[in-house]
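A.B. asks: Submitted below is the structure of interest, expressed as structure tokens.
There are 2 protein chains.
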Amino acid sequence: MYKYKYLKREFNKSELINLNPIQRGGILTKEAREALLEFGDGYSTCDWCPPKFDRLDRIEKPPIKDFYEDLAEFLGMDVARVVTRCREAMFIAFKMLSSPGDYIVVDSLSHYSTYLAIEFAGLKVKEVPHTGYPNFQLLLEMYRDKIEEVKKETSKLPAAVLLTHVDYLYGNLNDALIVSKIAHEYNVPVILNAAYTAGIMPVNGKKLGVDVIVSSGHKSWAASAPTGILALTEDMAEKILPTATITGDWSKRSFKIKEMPLLGCTVMGAPLITLMASFPHVIRRVEKWDEELEKAQYFVKEIEKIEETRVLGVKPKKHTLIHVESIGLHKVSKKHPRKGFYLYDELKKRKIVGIQPGLSKHFKLNIYGLSLDEVRYVVNAFHDIAAIYGLKIY
Amino acid sequence: MYKYKYLKREFNKSELINLNPIQRGGILTKEAREALLEFGDGYSTCDWCPPKFDRLDRIEKPPIKDFYEDLAEFLGMDVARVVTRCREAMFIAFKMLSSPGDYIVVDSLSHYSTYLAIEFAGLKVKEVPHTGYPNFQLLLEMYRDKIEEVKKETSKLPAAVLLTHVDYLYGNLNDALIVSKIAHEYNVPVILNAAYTAGIMPVNGKKLGVDVIVSSGHKSWAASAPTGILALTEDMAEKILPTATITGDWSKRSFKIKEMPLLGCTVMGAPLITLMASFPHVIRRVEKWDEELEKAQYFVKEIEKIEETRVLGVKPKKHTLIHVESIGLHKVSKKHPRKGFYLYDELKKRKIVGIQPGLSKHFKLNIYGLSLDEVRYVVNAFHDIAAIYGLKIY
Chain R
201 MYKYKYLKRE
211 FNKSELINLN
221 PIQRGGILTK
231 EAREALLEFG
241 DGYSTCDWCP
251 PKFDRLDRIE
261 KPPIKDFYED
271 LAEFLGMDVA
281 RVVTRCREAM
291 FIAFKMLSSP
301 GDYIVVDSLS
311 HYSTYLAIEF
321 AGLKVKEVPH
331 TGYPNFQLLL
341 EMYRDKIEEV
351 KKETSKLPAA
361 VLLTHVDYLY
371 GNLNDALIVS
381 KIAHEYNVPV
391 ILNAAYTAGI
401 MPVNGKKLGV
411 DVIVSSGHKS
421 WAASAPTGIL
431 ALTEDMAEKI
441 LPTATITGDW
451 SKRSFKIKEM
461 PLLGCTVMGA
471 PLITLMASFP
481 HVIRRVEKWD
491 EELEKAQYFV
501 KEIEKIEETR
511 VLGVKPKKHT
521 LIHVESIGLH
531 KVSKKHPRKG
541 FYLYDELKKR
551 KIVGIQPGLS
561 KHFKLNIYGL
571 SLDEVRYVVN
581 AFHDIAAIYG
591 LKIY
Chain Y
201 MYKYKYLKRE
211 FNKSELINLN
221 PIQRGGILTK
231 EAREALLEFG
241 DGYSTCDWCP
251 PKFDRLDRIE
261 KPPIKDFYED
271 LAEFLGMDVA
281 RVVTRCREAM
291 FIAFKMLSSP
301 GDYIVVDSLS
311 HYSTYLAIEF
321 AGLKVKEVPH
331 TGYPNFQLLL
341 EMYRDKIEEV
351 KKETSKLPAA
361 VLLTHVDYLY
371 GNLNDALIVS
381 KIAHEYNVPV
391 ILNAAYTAGI
401 MPVNGKKLGV
411 DVIVSSGHKS
421 WAASAPTGIL
431 ALTEDMAEKI
441 LPTATITGDW
451 SKRSFKIKEM
461 PLLGCTVMGA
471 PLITLMASFP
481 HVIRRVEKWD
491 EELEKAQYFV
501 KEIEKIEETR
511 VLGVKPKKHT
521 LIHVESIGLH
531 KVSKKHPRKG
541 FYLYDELKKR
551 KIVGIQPGLS
561 KHFKLNIYGL
571 SLDEVRYVVN
581 AFHDIAAIYG
591 LKIY
């Protein structure tokens, strides 16, 4: 059992720069770190659960009720719930908006969890294509074609369409308004997967015309895992969050207060509290998104100076998640005794981590929240490594 | 936004004794508290996700893979997964073992989340009765009758039976072996809800003959919420944890490595790590269950000395969750200006918290993990309060 003692992370040391593509937006604030210890114990949020209305979203001490309202407002939606993961939020929305066998139309850069949620809900998937290499731009107008295809094939509309606001592969930002206009012509609800956007950049559901926003607290809200966000219009809340109707056949017990698809209460402890503690910071940080984009564009310009290196996806970059393709760095790996791992080793020597060990031809990184000096340091490290191995820096 | 700053709990101060019925088994160990800070950041478990087999249960650093194996062994099962809540574990088991409209046979003291999971899975419930006041003993032999009823009514067996090992209302312990023998005569799988047992008392699925164990890390494993445990026999693992088969119709992407009903990875951070960090302590503490029961029986004997006060449920107590009925303390409330709240006030004065404010006739408490001195202190406080208000102590 010794292995479970002193569980430590290497990568959260302050002297390291961590570029892990999924971790930059989930680094806790100081406030969240303090709250974590305060609310670490199981059911720590439940000290003051209101007796006759015992639901997580009604707790006022700590101010969970207020938080849910503020969170909905912040996202330009009517109702918000914190669930256990963004993927659970998708699953709940898919399940509650559909009948078995229905279609969900999704973008073809959706995260794998989108597909799994569709399968678990007993539904079918229809994908909206992208332009492929090197931009991988989604053909958003084709949501119309895909809705029509479903209609023709099944004589029924899709249960919902889902758009990934920024995808996990290339960090391309999509204009949700285009999709919501098309879907609403057919009265099909629009789910926006804002796992990579809400919490780090301004996202307003009303302005984007979407019906449901799902997001990830541990990805983009400076919160501990697992935390998902499910934000809804009033109309969607009625459909997606009904209270329970089941009654015990012998006991006659019923549970009419409980929100059925949430299975009642959700995140009953520490991670929810980190989300709340970081919220004031998150509200401020989304306003500085332009600064983040400047750094991202600077990074792209500089990394592309390395011989045979380019950034994939739509440019100029509208997100800090960056997919680098480097034929140059890859050529080095072929002659290096450590193969592709040399890049990881060289970066690690320079106290830079988070790029997947072994990769050199295609690798993803995220510079969200790094200072300009840190971004410069990272860029210089790449230039330095490239130069050592004889690549040109233009 | 000031309200989200300095989020504090009153009830985790070391000078207080917290009797909250759902919180005693979820108090973190020192090791878990340290691990919490180390792994607080979002996706903190994912630093060393194996590239070509990217699944939480395969991560070796921290030793999640080992932990899942050790956890299964500890519970006398073949496969274990940590999911987001015990209720999610139930939902997944119900959904994967059933066809729409099937029955689940449950005990009539099941937690509300059991019923919600049944409803969300599109299933029907059939309850096994209990004896009612004052023992509320489940009639376990009636699982047979209920299976037969379902068979007669639907020409089909129930999809599964669920037994709540110890119920949340009276803390009655049920002999799972009786139920598993009956269910297995019909080849119906048995799900044991061990939210109140596994992690604080010895629970061995093989010895109990059950097919699935679900449990709650934040309730009984000294872990942060939200953490659920889903432990399975090999046979059940095949049925309940299939990998994804969905394929993108345009992209042809598939996700054959991912466990579909889990939606891929589950608790990707701090709460899982607290469960792991507390695990060595949990292994030791379940061995001391007899000492806990002695304290519980002592508490019952002493509390029942108060005029017109009794403990409901089966006696002698086999669990530390105690449901007190006190006509005596209730009579006091009728004349007290603070009504039922006087009991809360008086206990609070004595630094005892966790009994629901306002209750005096029926209230639940849990003495799990209190020292004998603390239990004595609590008992004396009750005697003291009763005496102040003129009740006899026999």
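Those protein sequence lines, which keep their order, are chains R and Y. According to my numbering, the residues represented by the first sequence are 201 to 594, in order. According to my numbering, the residues represented by the second sequence are 201 to 594, in order. Yeah, the Cβ is synthetic: ideal placement off N, Cα and C, and Gly gets one too. For clarity, every value in this text was computed on a predicted model and none was experimentally measured.
Following the continuous beta strand (DSSP E) through I593(Y), name the residue where it begins and the one where it ends.
C.D. replies: By one-based count along the second sequence, residue 593(Y) stands at place 393. Looking at the DSSP string, I593(Y) is not in any beta strand (DSSP E), and its letter there is neither H nor E.
A.B. asks: Enumerate, from N- to C-terminal direction, the unbroken alpha helix (DSSP H) stretches of 4 or more residues contained entirely within the region 374-432 of chain Y.
C.D. replies: Listed in chain order, they are 376-385, 405-408, 417-420.
A.B. asks: Mind checking whether P358(R) and V350(R) have CB atoms under 8 angstroms apart?
C.D. replies: As a working mapping, residue 358(R) is identified with position 158 in the first sequence. As a working mapping, residue 350(R) is identified with position 150 in the first sequence. Contact: yes.
A.B. asks: When DSSP labels each residue in this structure, what does S533(Y) get in the three-state scheme?
C.D. replies: In the second sequence, residue 533(Y) corresponds to position 333, counting from 1. Note: S533(Y) maps to helix in three-state DSSP.
A.B. asks: What runs of the alpha helix (DSSP H), each 4 residues or longer, lie entirely inside the region 228-300 of chain R?
C.D. replies: Fully enclosed alpha helix (DSSP H) runs of 4 or longer: 230-238, 264-274, 286-297.
A.B. asks: Determine, using beta-carbon pairs with one atom in the region 510-522 of chain Y and one in the region 206-221 of chain R, whether at least three such pairs fall under 8 angstroms.
C.D. replies: No, because fewer than three Cβ pairs between the region 510-522 of chain Y and the region 206-221 of chain R fall closer than 8 angstroms, the two stretches do not touch.
A.B. asks: Indicate whether at least one CB of chain R lies closer than 8 angstroms to the CB of V467(Y).
C.D. replies: Within the second sequence, the letter at position 267 stands for residue 467(Y). Closer than 8 angstroms to some Cβ of chain R, the Cβ of V467(Y) qualifies, so yes.
A.B. asks: In the DSSP output, what is Y303(R) paired with across the bridge?
C.D. replies: Walking along the first sequence from the start, residue 303(R) turns up at place 103. For Y303(R), which the question treats as bridged, DSSP gives the partners K324(R).
A.B. asks: Using a Cβ cut-off of 9 angstroms, which residues of the region 511-537 of chain Y contact any Cβ in chain R, in chain order?
C.D. replies: From the region 511-537 of chain Y, no residue has a Cβ closer than 9 angstroms to chain R.
A.B. asks: Check each residue of the region 411-444 of chain R: if its Cβ is closer than 9 angstroms to any Cβ of chain Y, include it; give the result in chain order.
C.D. replies: For the region 411-444 of chain R, which is checked against every Cβ of chain Y, the residues closer than 9 angstroms are S416, G417, H418, K419, S420, W421, A422, A423, S424, A425, P426, T427, A444.
A.B. asks: Less than 8 angstroms between the CB atoms is what I'm expecting for T445(Y) and A232(Y), so what's the real figure, rounded?
C.D. replies: Here the question's residue 445(Y) lines up with position 245 in the second sequence. Here the question's residue 232(Y) lines up with position 32 in the second sequence. Contact flag wrong, Cβ pair sits at about 37 angstroms.
A.B. asks: Would you tell me roughly how many angstroms separate the C-alpha atoms of G276(Y) and D345(R), rounded to the nearest one?
C.D. replies: Residue numbering aside, residue 276(Y) sits at position 76 when the second sequence is read from its first letter. Residue numbering aside, residue 345(R) sits at position 145 when the first sequence is read from its first letter. Going by the C-alpha atoms only, they are around 53 angstroms apart.
A.B. asks: Under the assumption that G200(R) contacts G242(R) (Cβ atoms under 8 angstroms), give the Cβ distance between them as a whole number of angstroms.
C.D. replies: No answer is possible for residue 200(R): the residues shown for chain R start at 201 and end at 594.
A.B. asks: Using 8 angstroms as the threshold, is the C-beta distance between L338(Y) and N393(Y) below it?
C.D. replies: Your numbering for residue 338(Y) matches position 138 in the second sequence. Your numbering for residue 393(Y) matches position 193 in the second sequence. Their beta carbons are not under 8 angstroms apart, which means L338(Y) does not touch N393(Y) by this criterion.
A.B. asks: Just list the alpha helix (DSSP H) runs in the region 490-563 of chain R, keeping only unbroken ones of 4 residues or longer that don't cross its boundaries, in chain order.
C.D. replies: Complete alpha helix (DSSP H) runs here, min 4: 527-535, 541-549.
A.B. asks: Would you call the region 316-335 of chain R in contact with the region 497-504 of chain R, where contact means no fewer than 3 C-beta pairs closer than 8 angstroms?
C.D. replies: Cβ pair count under 8 angstroms is below three, so no.
A.B. asks: Which residues in the same chain as Y315(R) place their Cβ atom closer than 7 angstroms to its Cβ, once the five residues preceding and following it in sequence are excluded?
C.D. replies: Counting from 1 along the first sequence, the entry for residue 315(R) is found at position 115. The residues are V325.
A.B. asks: Secondary structure at H330(R), three-state DSSP: helix, strand or coil?
C.D. replies: If you number the first sequence from 1, residue 330(R) lands on position 130. Three-state result, H330(R): strand.
A.B. asks: For V361(R), which three-state DSSP category applies?
C.D. replies: Numbered from 1 along the first sequence, position 161 holds the residue referred to as residue 361(R). Three-state DSSP puts V361(R) in a strand.
A.B. asks: Compare the C-alpha of K406(R) against each of I391(R), F455(R), Y594(R) and name the closest.
C.D. replies: By 1-based counting over the first sequence, the position of residue 406(R) is 206. Selected option, being the one with the closest Cα: I391(R).
A.B. asks: Is N580(Y) helix, strand or coil when you go by DSSP?
C.D. replies: The sequence position of residue 580(Y) within the second sequence is 380, counting from 1. Correct three-state label for N580(Y): helix.
A.B. asks: Going along the chain, which residues of its own chain have a beta-carbon closer than 7 angstroms to the beta-carbon of V388(R), five neighbours each way excluded?
C.D. replies: Reading the first sequence from its first residue, position 188 is the one you call residue 388(R). So the list reads I347, L357, P358, A360, V361, once near-sequence residues are dropped.
A.B. asks: Would you mind sorting M460(R) into buried or exposed? The rule is 16 or more other CB atoms within 10 Å of its CB.
C.D. replies: Taking the first residue of the first sequence as position 1, residue 460(R) is located at position 260. So M460(R) ends up on the buried side.
A.B. asks: Let me see if you follow: with CB-CB separation under 8 angstroms, is R255(R) close to chain Y or not?
C.D. replies: The sequence position of residue 255(R) within the first sequence is 55, counting from 1. No, R255(R) does not count as interfacial toward chain Y.
A.B. asks: Taking the alpha helix (DSSP H) that L478(R) falls in, what are its first and last residues?
C.D. replies: To locate residue 478(R), count along the first sequence from 1; it is residue 278. A quick correction: the sequence has Ser, not Leu, at residue 478(R). Segment 470-485, the alpha helix (DSSP H) holding S478(R).
A.B. asks: Take T229(R) and list the residues in its own chain whose beta-carbon comes closer than 6 angstroms to its own, dropping the five residues that flank it on each side.
C.D. replies: Along the first sequence, one-based indexing puts residue 229(R) at 29. The answer, listed in chain order, is A422, S478, H481.
A.B. asks: For the putative contact between T443(Y) and K456(Y), defined by C-beta atoms under 8 angstroms, what is the C-beta separation to the nearest angstrom?
C.D. replies: If you number the second sequence from 1, residue 443(Y) lands on position 243. If you number the second sequence from 1, residue 456(Y) lands on position 256. T443(Y) to K456(Y), Cβ: 6 angstroms. Contact.
A.B. asks: Give a yes or no on whether the minimum CB-CB distance between V282(R) and chain Y is below 8 angstroms.
C.D. replies: If you number the first sequence from 1, residue 282(R) lands on position 82. Answer no: the Cβ-Cβ gap between V282(R) and chain Y never drops below 8 angstroms.
A.B. asks: Whole angstroms are fine: how far does the CA of S420(R) sit from the CA of G428(R)?
C.D. replies: In the first sequence, residue 428(R) corresponds to position 228, counting from 1. In the first sequence, residue 420(R) corresponds to position 220, counting from 1. Those two C-alpha atoms are separated by around 10 angstroms.
A.B. asks: Is there a C-beta anywhere in chain Y that falls below 8 angstroms from the one on I446(R)?
C.D. replies: In the first sequence, residue 446(R) corresponds to position 246, counting from 1. By this cut-off, I446(R) is an interface position.
A.B. asks: Quick one: which residues of the region 243-269 of chain Y get their C-beta closer than 9 angstroms to a C-beta of chain R? List them in chain order.
C.D. replies: Cβ contacts with chain R: Y243, S244, T245, C246, D247, W248, C249, P251, K261, P262, P263, D266, F267.
A.B. asks: Where do the N-terminal and C-terminal ends of the alpha helix (DSSP H) with E366(Y) fall, by residue?
C.D. replies: Locating residue 366(Y) in the second sequence gives position 166, counting from the first residue. The sequence given here places Val at residue 366(Y); Glu does not occur at that position. Where V366(Y) is concerned, there is no enclosing alpha helix (DSSP H), given that its DSSP letter is neither H nor E.
A.B. asks: At a CB-CB cut-off below 9 angstroms, which residues of chain R make contact with E288(Y)?
C.D. replies: Within the second sequence, the letter at position 88 stands for residue 288(Y). Here the neighbours are T284, E288, L463.
A.B. asks: Is it buried or exposed for E492(Y), if we count other Cβ within 10 angstroms and need 16 for buried?
C.D. replies: By one-based count along the second sequence, residue 492(Y) stands at place 292. Burial call: buried.
A.B. asks: Smallest Cα separation from Q408(R): which of V414(R), V379(R), Y396(R)?
C.D. replies: Position 208 of the first sequence, counting from 1, holds the residue named residue 408(R). According to the sequence provided, residue 408(R) is Leu. The question's Gln does not apply to it. Of the candidates V414(R), V379(R), Y396(R), the one whose C-alpha sits nearest the C-alpha of L408(R) is V379(R).
A.B. asks: Just to check my reading of the structure: L547(R) and A587(R) have Cβ atoms closer than 8 angstroms, yes? What is that Cβ distance to the nearest angstrom?
C.D. replies: On the first sequence, position 347 is the one that residue 547(R) refers to. On the first sequence, position 387 is the one that residue 587(R) refers to. 14 angstroms between Cβ atoms; not a contact.
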